[in-house]
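Trainee:
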Amino acid sequence: MEKPNIKKNKVIITNNKEVQDFYLNDKRGYLFQYDIIFLEKIEDILVFVRDLIHSNWRLINNPMAGNIPLHKHPFRSIALEKGEFDARSLSLWDTATERFRRGKMPEYPENIIEDYAHLDFILFTDNLPL
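The end of the sequence shown is residue 276 by this note's numbering, with every number in the run present.
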């Protein structure tokens, strides 16, 4: 996987087109503060975010928001901010990664996938400061 170029001090990493579309078309100012990186595979998100945290980025939102087992949720949207190394972010991310790897992702029908995409969108946007 080629490393995307991050120019701003805040970034959103997502595999959810609904989140990506909202921020690319936003008129409230998120696009001015955040870079947006879309990664197709959730496994790529797990590695990319871990690498960012090791490079002095900290989590802005909790990767375990909601009450859904991570290995059953096909979408993950994460916001990070450049700063100093944050051990709490690393611990949260390691826990989230371990929980994701606990099981196998079910094969969902398209209408259920759309529901999960919208749920991820709501959980993410409700917990992201401007």
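No residue lacks a Cβ here, since even glycine has one placed at the ideal position from N, Cα and C.
#1: Can you tell me whether DSSP reads residue 227 as helix, strand or coil?
#2: Where do the N-terminal and C-terminal ends of the alpha helix (DSSP H) with residue 163 fall, by residue?
#3: Can you give the Cα-Cα distance for residue 238 and residue 257, rounded to whole angstroms?
#4: Would a C-beta distance cut-off of 8 Å place residue 154 and residue 225 closer than the cut-off?
#5: Alpha carbon to alpha carbon, what distance is there between residue 194 and residue 200?
#6: Taking DSSP as the reference, what is the three-state secondary structure of residue 156?
#7: Just to confirm, are residue 159 and residue 188 a CB contact at a threshold of 8 Å?
#8: Would you mind giving the Cβ-Cβ distance between residue 162 and residue 267, rounded to the nearest angstrom? I have them listed as a contact below 8 Å.
#9: What separation, rounded to the nearest whole angstrom, lies between the Cα atoms of residue 262 and residue 203?
Mentor: From the atom records:
#1: Three-state result, residue 227: strand.
#2: Here the alpha helix (DSSP H) through residue 163 covers 163-170.
#3: Computed Cα separation, rounded: 30 Å.
#4: Result no, Cβ atoms of residue 154 and residue 225 do not sit closer than 8 Å.
#5: When rounded, the distance between both Cα atoms is 10 Å.
#6: Note: residue 156 maps to strand in three-state DSSP.
#7: Result no, Cβ atoms of residue 159 and residue 188 do not sit closer than 8 Å.
#8: With a Cβ gap of about 6 Å, residue 162 and residue 267 count as contacting.
#9: Cα-Cα distance, rounded: 27 Å.
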